[in-house]
Amino acid sequence: MRSPLRYVSKHQMVYTIGSSTSLKELKQIHTHLLVNGHLNDSNFSGQFVAAIALNNHKNINYSEKVLDQWETPTMFCLNSMIRAHSKSSTPERSFLYYNKILRSSDHISPDNYTFNFLVRACTQHLTRWSGPTVHGLVIKHGFECDPHVLCGLIRMYAELGGLDSCFRMFGLVRNPDLVCQTAMISACAKCGDFGSARELFDAMSQRDTWAFNAMISGYAQCGQSKEALRLFRMMQLEEVKIDDVCMVSVLSACSHLGASDHGRWAHAYIERHKIPMTVTLGTALIDMYAKCGNISKAMEVFWGMKEKNVYTWTCAMNGLAMNGAGHKCLELFSLMKENGISPNGVSFVSILRACSVVGLIEEGHEQFVSMKRVYGIEPLAEHYGCMVDLYARSGRLDDAVNIINNMPVTPHAGAWGALLNACKLHRDKELGELAARKLIQLEGSNHCAFVILSNIYSDSRDWARADNVRQTMNAKGIKKKPGCSVMEVDGEVHEFFVGDTSHPRYGDIKVKLEEIYSNLRLSGYVANTKPDSLYRHSEKVAIAFGLITVKQVVPIRIVKNLRICWDCHDLVKAVSKIYNKEIIVRDRNRFHHFEDGHCSCSGYW
DNA sequence: TTAGGGTTAG
Numbered sequence: 001m002r003s004p005l006r007y008v009s010k011h012q013m014v015y016t017i018g019s020s021t022s023l024k025e026l027k028q029i030h031t032h033l034l035v036n037g038h039l040n041d042s043n044f045s046g047q048f049v050a051a052i053a054l055n056n057h058k059n060i061n062y063s064e065k066v067l068d069q070w071e072t073p074t075m076f077c078l079n080s081m082i083r084a085h086s087k088s089s090t091p092e093r094s095f096l097y098y099n100k101i102l103r104s105s106d107h108i109s110p111d112n113y114t115f116n117f118l119v120r121a122c123t124q125h126l127t128r129w130s131g132p133t134v135h136g137l138v139i140k141h142g143f144e145c146d147p148h149v150l151c152g153l154i155r156m157y158a159e160l161g162g163l164d165s166c167f168r169m170f171g172l173v174r175n176p177d178l179v180c181q182t183a184m185i186s187a188c189a190k191c192g193d194f195g196s197a198r199e200l201f202d203a204m205s206q207r208d209t210w211a212f213n214a215m216i217s218g219y220a221q222c223g224q225s226k227e228a229l230r231l232f233r234m235m236q237l238e239e240v241k242i243d244d245v246c247m248v249s250v251l252s253a254c255s256h257l258g259a260s261d262h263g264r265w266a267h268a269y270i271e272r273h274k275i276p277m278t279v280t281l282g283t284a285l286i287d288m289y290a291k292c293g294n295i296s297k298a299m300e301v302f303w304g305m306k307e308k309n310v311y312t313w314t315c316a317m318n319g320l321a322m323n324g325a326g327h328k329c330l331e332l333f334s335l336m337k338e339n340g341i342s343p344n345g346v347s348f349v350s351i352l353r354a355c356s357v358v359g360l361i362e363e364g365h366e367q368f369v370s371m372k373r374v375y376g377i378e379p380l381a382e383h384y385g386c387m388v389d390l391y392a393r394s395g396r397l398d399d400a401v402n403i404i405n406n407m408p409v410t411p412h413a414g415a416w417g418a419l420l421n422a423c424k425l426h427r428d429k430e431l432g433e434l435a436a437r438k439l440i441q442l443e444g445s446n447h448c449a450f451v452i453l454s455n456i457y458s459d460s461r462d463w464a465r466a467d468n469v470r471q472t473m474n475a476k477g478i479k480k481k482p483g484c485s486v487m488e489v490d491g492e493v494h495e496f497f498v499g500d501t502s503h504p505r506y507g508d509i510k511v512k513l514e515e516i517y518s519n520l521r522l523s524g525y526v527a528n529t530k531p532d533s534l535y536r537h538s539e540k541v542a543i544a545f546g547l548i549t550v551k552q553v554v555p556i557r558i559v560k561n562l563r564i565c566w567d568c569h570d571l572v573k574a575v576s577k578i579y580n581k582e583i584i585v586r587d588r589n590r591f592h593h594f595e596d597g598h599c600s601c602s603g604y605w
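Sequential numbering of the first sequence, starting at 1, is according to the UniProt record's numbering.
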């Protein structure tokens, strides 16, 4: 954004061209300037065009029309147009103005500004050829040593995934400053090379807010949430200024961990330090509360926000769907449309999931159809996956198969996985076998598919095939992804892995588990499996730990990395009744609120 | 009278 252009006329009339200037106002100002001959001054006219194009992208067309009327626009003007387009949704139009410079009869040639903006345009509009082509032009015109251009090239190659090229550009910068070093850290993180990113970060003689933010957001985005929070603590110790962008990443890390104490603390920190509540920060707060199972607080933040964008609405809808409040999610969707916000593809994932969790099949179908018909959004594989889930989990397996057979994109693992889960739920052996085989074709190391396929054969007493599947698994070295439950007690994050006895309080946990088991037996709960299986699943161990450490009035909150199994689900229901304890489990897909022997998912998950 | 680094939803 450029600062508004203010112009005072001879009659002391003040004209301002800023981000809120409407097209009508622009036309009035333009007429005034033309009548008074002010546009004959090439410096002033350049500023005029730049102000229109840069302050509001919606007015780019108007600035183009103004510019087209001039035979010899200045370099400043043309560079400003390249810059404006590089930041807009039409970056490819930057090249139009680059060509105007080349073809200019005014003997001007592109300068360092031109290439800086042109490289940015390429980063916005990446095609395989455009980036390297512009890099070639940079070399041809002798700007490969310009630090601004090089910094832009680092970002561009990072988008292309060419980390080697990023390092090559970085190597060409003499004495890289903070800005350039941060760009390089960010490039490493974007390409997934966190080791190099951290090496560069640790080697910096001075680290500012931006450098920390690049590193923290990198960790947060790749799921290394504990490391992100650790770095945030380091930032506080080094007394580096913490801003809204930093807090967005911190909240995102809390969301992943389901660390509600950390999240609440972060919220308090934002308020205490008067960090500006931007739309992005508010949205991150909603997401954090929703993913920590506190949907009422999430909605409180949502209703309190003055400005909301499509991310904000979608985040709230997703939170409601995850928490099983499908009807409320659909109500919110209506309200979103009434507020003039158009949904996008991600919004529809939440909407279709909302229909799925409450079993609204016809509604889901109508929403799916409206996606393309009303909003012109082409459904992606994941939307078809949601439809497969919607039909299959309600037992309409034939309809689910129809969706898979008729989807215009190749059915992905998500679609077959949804069908497979439903086949297990509705005990359809043949279809389950087909789904498992398809899933294995797509994901050769999908542990769940092998296990379910083996179970399907065992159920039909086809021991030879069941054994064969197990042997294939062993031969391929396919191991179950280790189940892990995370819980936060008194601000500390505890992780429990399957069969892991390393927790300092494991002795107490074991005693508690035995007590739970004996209470369950006394109350008539019959475990599906032998007593030693009690220790097997991480969520059971976490619940025992929660019963020891969490105060009676506070619910136990657990985040599980995989889907919760039937056995654990039944057990948690029983524990919630016998111990009169609210237990909230977030599994890979959704929330389960257990209270008084019932779960909010009503058996749908 | 134009430049460079960090942020949100599946």
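By construction, the Cβ of each residue, glycine as well, lies at the ideal position given by its N, Cα and C atoms.
Residue range of the beta strand (DSSP E) that includes residue i
i, result
"threonine 16", "14-17"
"residue 648", "This structure leaves residue 648 out entirely; the chain is present only between 1 and 605."
Of the listed residues the options, nearest to residue i (C-alpha basis)
i, options, result
"lysine 480", "Asp459, Val493 and Ala449", "Ala449"
"valine 358", "Leu390, Ser347 and His383", "Leu390"
"glutamine 28", "Asn40, Asn421 and Val14", "Val14"
"methionine 288", "Phe212, Asn323 and Lys24", "Asn323"
"valine 541", "Val553, Arg505, Asn446 and His38", "Arg505"
"tyrosine 525", "Gly491, Asp567 and Gly192", "Asp567"
"asparagine 446", "Gly417, Asn455 and Arg396", "Gly417"
"cysteine 423", "Leu442, Phe167, Ala400 and Gln441", "Ala400"
"glycine 18", "Asn59, Asn40, Gly37 and Ser45", "Asn59"
"lysine 545", "Val388, Ile583, Tyr269 and Ala121", "Rather than lysine, the amino acid found at residue 545 in this sequence is phenylalanine. The shortest C-alpha separation from phenylalanine 545 is found at Ile583."
"glycine 263", "Val279, Lys226 and Leu330", "Lys226"
Bridge partners - residue i, DSSP secondary structure assignment
i, result
"histidine 593", "Ile584"
"cysteine 484", "Phe497"
8 angstroms Cβ shell around residue i - same chain, five flanking residues per side excluded
i, result
"histidine 141", "Ser109, Pro110 and Phe115"
"serine 394", "Gly359 and Ile361"
"alanine 413", "Leu439, Leu442, Glu443 and Asn446"
Three-state secondary structure (DSSP) of residue i
i, result
"histidine 494", "strand"
"threonine 529", "Low per-residue confidence applies at threonine 529: pLDDT is 49, beneath 50, and the placement is therefore not dependable, though the value from the model is reported in the following sentence. Of the three classes helix, strand and coil, the one that applies to threonine 529 here is coil, per DSSP."
"valine 489", "strand"
"arginine 6", "strand"
"arginine 557", "strand"
"cysteine 599", "strand"
"asparagine 344", "coil"
"phenylalanine 143", "coil"
"valine 550", "coil"
"glutamine 441", "helix"
"residue 646", "The question about residue 646 has no answer, for the chain in this structure spans 1 to 605."
"threonine 127", "coil"
"glycine 121", "This sequence places alanine at residue 121; glycine is not what is there. Helix."
"cysteine 565", "coil"
"aspartate 106", "coil"
Range covered by the alpha helix (DSSP H) that runs through residue i
i, result
"glutamine 245", "What sits at residue 245 in the sequence shown is valine, not glutamine. First-last of the alpha helix (DSSP H) with valine 245: 244-257."
"threonine 283", "279-291"
"aspartate 399", "397-406"
"alanine 415", "413-426"
"aspartate 462", "No alpha helix (DSSP H) contains aspartate 462, which DSSP labels as neither H nor E."
"lysine 241", "No alpha helix (DSSP H) holds lysine 241; DSSP gives it neither H nor E."
"glycine 376", "Element bounds for glycine 376: n/a, residue is neither H nor E."
"tyrosine 311", "310-322"
"glutamate 64", "60-68"
"tyrosine 579", "Unbroken run through tyrosine 579: none, as it is neither H nor E."
"serine 196", "194-203"
"glutamate 331", "326-338"
"methionine 75", "75-86"
"glutamate 514", "506-522"
Cutoff 6 angstroms; reference residue i; Cβ partners in own chain excluding five residues on either side
i, result
"serine 186", "Ala214"
"proline 147", "Val173"
"proline 276", "Asp244"
"threonine 123", "Arg155, Met156 and Glu159"
"serine 600", "Gly324 and His593"
"tryptophan 210", "Thr182"
Nonlocal neighbours in the same chain, by C-beta distance under 7 angstroms from residue i, ignoring five residues either side
i, result
"alanine 284", "Val248, Leu251 and Ser252"
"methionine 169", "Leu150, Leu153, Ile154 and Tyr157"
"isoleucine 478", "Ser445, His447 and Phe450"
"threonine 529", "Here threonine 529 scores only 49 on pLDDT, less than 50, and its place in the model is too uncertain to base an answer on."
"leucine 420", "Gly432, Ala435, Ala436, Leu439, Ala449 and Ile452"
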